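Undergrad: Just so you know, the sequences run in chain order A and B.
Numbering (this note's numbering) for the first sequence: 80 to 395.
Numbering (this note's numbering) for the second sequence: 224 to 469.
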Amino acid sequence: MHPALSVILFTTLSGAGYGLLSWAGLYAIVGYLPNSQLYGFMVMALALGAVTVGLLSSTFHLGHPERAWRAFSQWRSSWLSREGVASCVTYIPAAIFGIGWVFFGAVDGAWAFAGLIVALCSIVTVICTAYIYRSLKTIPSWYNDWVVPNYVALSQMTGALLFAALSNLFGYRLPGLYFLAVVTIVVALACKLGYWRHIDSATPKSTMNTATGLPGNVRLFEAPHTSENYLMKEMGYRIARKHAQKLRQIAMVLAFLIPAGLIATASLVDSGLATVCSVVAAISAMAGVLTERWLFFAEAKHAVTLFYGRTLDQAA
Amino acid sequence: MTSLPQTTGKKLGLVIDLDVCVGCHACAVNCKEWNTGGVAAPLTDLKPYGEDPHGVWFNRIHSYEMNDDDRSRTVHFPRSCLHCEEPACVTVCPTGASYKRSEDGIVLVNEDLCIGCKLCSWACPYGAREFDYDVGVMKKCTLCIDRIYNENLPERDRVPACVATCPTSARSFGDLGDPNSAVSKLVKERGGFELMPEMGYRPTNRYLPPRPKKQFGEHTASPELAPLTPQPGEGFLGWIDRVLSN
């Protein structure tokens, strides 16, 4: 699949933003969230900013962005529509939670309850995003049970790392946050490794034989057109296997290993160095997840390419 | 609404005979000609005479080499929308632009509602939908809805453009939901099949397999030909022949 920059930015940024929102909401409900208004402003601005920039960038790849509002109508059948609705619904508790925190310095009682709702809505939105891909039978590397846990885990991981970095910048050491950050890194890494192992070993059901209905060895003798059409540009994107392997390693180091090492270091050292460590960890994780997300698209093989003589087998 | 109709009155679709198709691309060309002036018009071509021509077509003709039991052959394979009974291209549409008609099962795009998110093309395994970069909306085969119900055309012309033009009659159009229709009988008789049944999209269109090749054995060899000229040795001409041959 063609790795469109707008969609990669959207899923990465909104994922991190929703992760950050959900951690702030969860810390409020357990009573560990500092009620500093400036800190609250920065957390909410970063979270909602990332979410909003992500959502806006997702409209850049549309043929008619001015009609994007129509996408809220088909939530009964379409995960893309559900994602749109969920993302907008999340703004309501987020606004209530943010107003309490930023304007009144209140993060307890009913305001904290709004935080819990924000956390739930954020996770639901990320699940909807993941299901846009998870539900496509045409792309075996997306149509499997690893996709949704991957999206949720990476969203929670980047959110936790941003939360740790911001909290450190404001001089807050939130109880358990380093531990939670490392846990999310480990979970996300396990999900990603499981995903890669699955797509590398799975045997796709669709072949050139099932696509054409012709038995035996089927080989494309002549393509319908001499230059690439929309289908091949959009669905026929190919990445060399050796590059994919290298990019997987880069994603693994940037998204998981460096942040894990830095957060472990931050938990042991004094506040100045800990701040630097946690900020670098968050930046590294974002770069790693961007690489991972690029690969998620670039490595995905679409069934229509079978008609053009290709295979869906990831190892081929 | 992108929710699917429970049932459709008719199941209009195509039956494509892979045994007969000669891969001439006439269906694709006539489809382009009709539809670039029809309901989905224009079927934009970008740089048609340039180095990298690019355009929207509803029909694409592939040619395959098939090798089965030591016998190989070339099969020409027209590919277009199959007007599925469970079209995921419709259900993934966030705006309601894509829909399946309850009266005849035709899958269409309302271009005025389409935001051009391209998700429907991702959901289609058959490559039936092509994005028009110029207009910014998704386009697809309409089963020539502006021909098949067009009372301004003579009745024999009320078939999709691809069917009307096929010089070998490899394409048939009809109601595949009616077991007594000509197309349904053809499918039954020839063992017509669905493409990628494992997707579960239940395509309406059917393909007819290439007929088995004839076995060429000794018994089918032509008998030895008798010489055309009479053999010498008989009658007056034989006597002359013998005299002159000496």
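C-beta: ideal position from N, C-alpha, C; glycine also.
Every value quoted in this text rests on a predicted model; they were computed, and no experiment measured them.
1) Can you tell which of L299(A), C200(A), G255(A) and I342(A) has its C-alpha closest to the C-alpha of G98(A)?
2) Assuming M289(B) contacts S285(A) under a Cβ cut-off of 8 Å, what Cβ separation, rounded to an integer in Å, is found between them?
3) If you follow the alpha helix (DSSP H) that P228(A) is in, where does it begin and where does it stop?
4) Output the residue ranges of the alpha helix (DSSP H) runs that lie fully inside the segment 351-379 of chain B and measure 4 residues or longer, sorted by chain position.
5) Within 8 Å, do at least three Cβ pairs link the segment 170-189 of chain A to the segment 344-358 of chain A?
6) Under the rule that 16 or more other beta-carbon atoms within 10 Å means buried, what is I463(B), buried or exposed?
7) Tell me L331(B)'s beta-bridge partners as DSSP assigns them.
8) For the candidate residues T365(B), N403(B) and E353(B), whose alpha-carbon lies nearest to that of V409(A)?
9) To be precise: take each residue of the segment 261-278 of chain B, compare its Cβ to all Cβ atoms of chain A, and keep it if any distance is under 7 Å. Which residues remain?
10) Which chain B residues are close to P294(A), counting only those with a beta carbon under 7 Å from its beta carbon?
11) What in chain B is Cβ-close to R155(A), meaning under 7 Å?
12) So what does DSSP say about I362(A), is it helix, strand or coil?
13) On the three-pair Cβ rule with 8 Å, is the segment 157-166 of chain A touching the segment 344-358 of chain B?
14) Just how far apart, CA to CA, sit A351(B) and L84(A)?
15) Can you tell me whether R294(B) is helix, strand or coil according to DSSP?
16) Taking D184(B) as part of the beta strand (DSSP E), name the residues at either end of that continuous run.
17) Only counting runs of 4 or more residues, tell me where the alpha helix (DSSP H) segments fall wholly within the segment 263-351 of chain A, in order along the chain.
18) With 8 Å as the threshold, decide whether the Cβ of P303(A) is near any Cβ in chain B.
19) Using C-beta distances below 6 Å, list every residue in its chain close to I337(A), excluding the 5 sequence neighbours before and after it, in chain order.
20) Could you pull the DSSP bridge partners for S396(A) from this structure?
21) Any beta carbon of chain B sitting closer than 8 Å to that of A417(A)?
22) Suppose you measure from the CA of Y356(B) to the CA of L272(A); what does that come to, to the nearest Å?
23) So, with DSSP's three-state summary, where would you put L431(B)?
24) Could you confirm whether any beta carbon from chain B is found closer than 8 Å to the beta carbon of H322(A)?
25) Would you mind sorting S357(A) into buried or exposed? The rule is 16 or more other CB atoms within 10 Å of its CB.
TA: Quick answer:
1) Nearest of L299(A), C200(A), G255(A) and I342(A) to G98(A), Cα basis: C200(A).
2) Not confirmed; about 17 Å, so no contact.
3) Where P228(A) is concerned, the enclosing alpha helix (DSSP H) stretches over V226 to L248.
4) As far as the segment 351-379 of chain B is concerned, its whole alpha helix (DSSP H) runs of at least 4 residues are 368-371.
5) In short, these stretches do not touch, since the Cβ pair count stays below three.
6) I463(B) sits exposed, since fewer than 16 C-beta atoms from the chains shown fall within 10 Å of its C-beta.
7) Beta bridge pairing from DSSP links L331(B) with Y322(B).
8) Since the first residue shown for chain A is 80 and the last is 395, residue 409(A) is missing from the structure and cannot be characterised.
9) Going along the segment 261-278 of chain B in chain order, one finds D275, P276 and H277 with a Cβ nearer than 7 Å to chain A.
10) Neighbours of P294(A) in chain B, taken as residues at a C-beta separation under 7 Å, are given in chain order as D291.
11) Residues of chain B passing the Cβ test: S226.
12) Residue state, collapsed to three classes: helix.
13) Output reads no: the segment 344-358 of chain B does not touch the segment 157-166 of chain A.
14) Between the C-alpha atoms of A351(B) and L84(A) there is a straight-line separation of about 25 Å.
15) Residue state, collapsed to three classes: strand.
16) This structure leaves residue 184(B) out entirely; chain B is present only between 224 and 469.
17) The segment 263-351 of chain A contains these whole alpha helix (DSSP H) runs: 287-291, 309-314, 320-331 and 337-345.
18) Taking 8 Å as the threshold, the shortest C-beta distance from P303(A) to chain B falls below it.
19) The answer, listed in chain order, is S363.
20) Here chain A comprises residues numbered 80 to 395, so residue 396(A) is not present and cannot be evaluated.
21) Past the edges of chain A, shown from 80 to 395, lies residue 417(A), and the structure says nothing about it.
22) The straight-line gap from Cα to Cα measures roughly 37 Å.
23) The answer is strand: DSSP assigns L431(B) an E or B state.
24) For H322(A), the answer is no, since every Cβ of chain B falls outside 8 Å of its Cβ.
25) Within 10 angstroms of the beta-carbon of S357(A) lie 16 or more other beta-carbons, which makes it buried.
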